[in-house]
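One structure is given below, encoded as structure tokens.
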Amino acid sequence: MALLLIAMAGSVLAIMAKRSIFDASDVQQAQQQLEHRWAAYSLEKSLLPRAEKVIETLLEKDPLRDEHVFKGKVEFEIQLAETTYQLTLADENAKANVNQMIDATQTQTVSSQPIQRLLQDMQVRDIPAIQIQPYVWENATNSQAIQTLGQVFENVNPSQLVAFESIDPVVLDVLTCWGDGKLNLHSASPHAIKAVCLKQMTRGEIDKLIRARDANPRITLDAALTSAGVDKKKLGKIKVLFTEKTTCVSLWTRWETDRRTRYRLAVATQQASPKSTNQSTKQSPSQPQHVKLDSLIFEW
Numbered sequence: 022m023a024l025l026l027i028a029m030a031g032s033v034l035a036i037m038a039k040r041s042i043f044d045a046s047d048v049q050q051a052q053q054q055l056e057h058r059w060a061a062y063s064l065e066k067s068l069l070p071r072a073e074k075v076i077e078t079l080l081e082k083d084p085l086r087d088e089h090v091f092k093g094k095v096e097f098e099i100q101l102a103e104t105t106y107q108l109t110l111a112d113e114n115a116k117a118n119v120n121q122m123i124d125a126t127q128t129q130t131v132s133s134q135p136i137q138r139l140l141q142d143m144q145v146r147d148i149p150a151i152q153i154q155p156y157v158w159e160n161a162t163n164s165q166a167i168q169t170l171g172q173v174f175e176n177v178n179p180s181q182l183v184a185f186e187s188i189d190p191v192v193l194d195v196l197t198c199w200g201d202g203k204l205n206l207h208s209a210s211p212h213a214i215k216a217v218c219l220k221q222m223t224r225g226e227i228d229k230l231i232r233a234r235d236a237n238p239r240i241t242l243d244a245a246l247t248s249a250g251v252d253k254k255k256l257g258k259i260k261v262l263f264t265e266k267t268t269c270v271s272l273w274t275r276w277e278t279d280r281r282t283r284y285r286l287a288v289a290t291q292q293a294s295p296k297s298t299n300q301s302t303k304q305s306p307s308q309p310q311h312v313k314l315d316s317l318i319f320e321w
């Protein structure tokens with residue numbers, strides 16, 4: 022009887038020890054997840070308010086900057102503790118916005134051809150299956166019909182959208198669904214400009230606009246449209262497609278754990294605060310712009 026009790030006690034202790042090991046492993050994993058998320062959050066808080074300046078600075082330091090097709094993004098790595106974080110910082114106004122390319126009023130059958138054509142022109146490999154599902158929010162009828170990539174692509178994963186180690190073009194190099202939909206005149210890729218503006222401009226006008234922009238990086242929108250020879254009657258419809266500043270930026274963060282590759286995407290809409298518009302307030306160019314960041318966070 023005593024031996025039986027000892028055996029039972031030993032079994033119970035073994036089960037408890039095994040459970041303790043699993044519990045300790047879960048605690049350690051939860052701690053690592055918290056550390057990684059805190060690191061990603063810190064990177065977002067540091068980089069997103071300065072995104073436009075960071076992109077400009079890193080592109081200027083890149084010896085191959087003249088060969089870059091995409092002027093609105095940079096890729097780099099940061100080491101924090103023992104983890105390497107791969108980062109892609111991008112100007113969403115440099116990309117073609119899905120909401121500008123589709124007719125959202127056709128809620129039943131929205132053509133995917135403009136998006137398919139753009140990605141093919143960019144020579145994007147392995148284009149995810151496109152299934153556009155616009156949605157008009159009852160309480161916000163003025164909101165954009167496409168607000169997530171899940172409304173555009175079917176069963177898509179981050180590795181199909183953003184490149185961390187590939188030099189080939191990927192979907193999010195040229196396509197977005199965030200921001201106000203306007204193209205940044207100074208950073209938008211030629212493919213994005215053509216995809217969005219072909220409804221309002223001729224190919225000749227678009228080519229002249231791009232040449233004028235490339236010849237003078239600080240050119241104003243009015244001057245660029247004048248150089249393109251755009252008819253004055255069309256100016257109103259064309260000018261609303263462009264902006265001369267960045268209002269929406271994104272930061273992809275990727276890191277490796279013992280179990281899997283983790284992705285995190287932060288999309289921030291920049292809105293100038295009253296403090297930044299106060300002319301009596303002097304601000305050093307090296308300081309970040311005072312902005313309010315309305316952020317969306319996605320994790321995989």
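My numbering runs 21 ahead of the 1-based position in the sequence shown.
Built from N, CA and C at the ideal position, the CB exists for glycine as well.
Please read all numbers here as calculations on a predicted model, not as lab measurements.
Hey, quick one: how far does the beta strand (DSSP E) through residue i stretch, first residue to last?
i, result
"His95", "The amino acid occupying residue 95 in the given sequence is Val; His does not appear at that position. 94-101 is the span of the beta strand (DSSP E), which, as asked, contains Val95."
"Ala111", "104-112"
Who pairs with residue i in a beta bridge, going by DSSP?
i, result
"Ala289", "Val270, Ser316"
"Arg138", "Answer is none; Arg138 lacks a bridge partner."
"Asn205", "Thr264"
"Ile366", "Lying before the first or after the last residue shown, residue 366 is absent from the chain, which here runs from 22 to 321."
"Glu81", "Per DSSP, none; premise fails for Glu81."
"Arg283", "Trp276"
"Ala51", "Note: Ala51 sits in no beta bridge, so no partner."
"Asn237", "Answer by DSSP bridge pairing: none, since Asn237 is not bridged."
Taking the C-alpha atoms as reference points, what is the distance between residue i and residue j?
i, j, result
"Ala166", "Ile123", "10 Å"
"Thr241", "Arg280", "50 Å"
"Ala61", "Tyr156", "31 Å"
"Gly171", "Ala102", "34 Å"
"Ser180", "Leu108", "13 Å"
"Ile188", "Glu96", "11 Å"
"Asn178", "Gln168", "17 Å"
"Cys198", "Leu80", "24 Å"
"Lys215", "Ser67", "33 Å"
"Val270", "Ala72", "7 Å"
"Glu186", "Lys254", "46 Å"
"Gln121", "Gln50", "43 Å"
"Ser208", "Thr278", "35 Å"
"Met143", "His212", "7 Å"
"Val145", "Ala117", "15 Å"
"Pro238", "Ile231", "10 Å"
"Gln134", "Val192", "15 Å"
"Val183", "Leu110", "11 Å"
"Leu64", "Gly225", "42 Å"
"Leu272", "Leu196", "15 Å"
"Gln291", "Gly200", "9 Å"
"Ala236", "Arg138", "28 Å"
"Glu77", "Gln154", "35 Å"
Output needed for residue i: all residues of its chain with C-beta closer than 6 Å, excluding positions within five of it in sequence on either side, in chain order.
i, result
"Tyr106", "Ile99, Thr274, Trp276"
"Glu320", "Arg285"
"Asp194", "Phe91"
"Leu317", "Val288"
"Glu175", "Ala150, Gln152"
"Ala115", "Gly93, Asn205, Ser208, Ala209"
"Thr267", "Glu73, Asp112, Asn114, Asn205"
"Gly202", "Asn118, Asn120, Gln121"
"Asp315", "Thr290"
Tell me which residue opens and which closes the alpha helix (DSSP H) that residue i is part of.
i, result
"Pro179", "179-182"
"Asp252", "Per DSSP, Asp252 belongs to no alpha helix (DSSP H) and is neither H nor E."
"Leu246", "242-248"
"Pro211", "211-218"
"Leu330", "This structure gives no information on residue 330, because the portion of the chain shown stretches from 22 to 321."
"Leu193", "No alpha helix (DSSP H) holds Leu193; DSSP gives it neither H nor E."
"Gln121", "119-122"
Spatial neighbours of residue i within its chain, please: C-beta separation below 7 Å, excluding the five flanking residues on both sides.
i, result
"Ala233", "Ile240, Ala245, Ser248, Ala249"
"Leu256", "Leu246"
Grab me the residues of residue i's own chain with a C-beta within less than 8 Å of its C-beta, minus the 5 sequence neighbours each way, in chain order.
i, result
"Asp147", "Gln181"
"Ile259", "Cys218, Gln221, Met222, Leu246, Val251"
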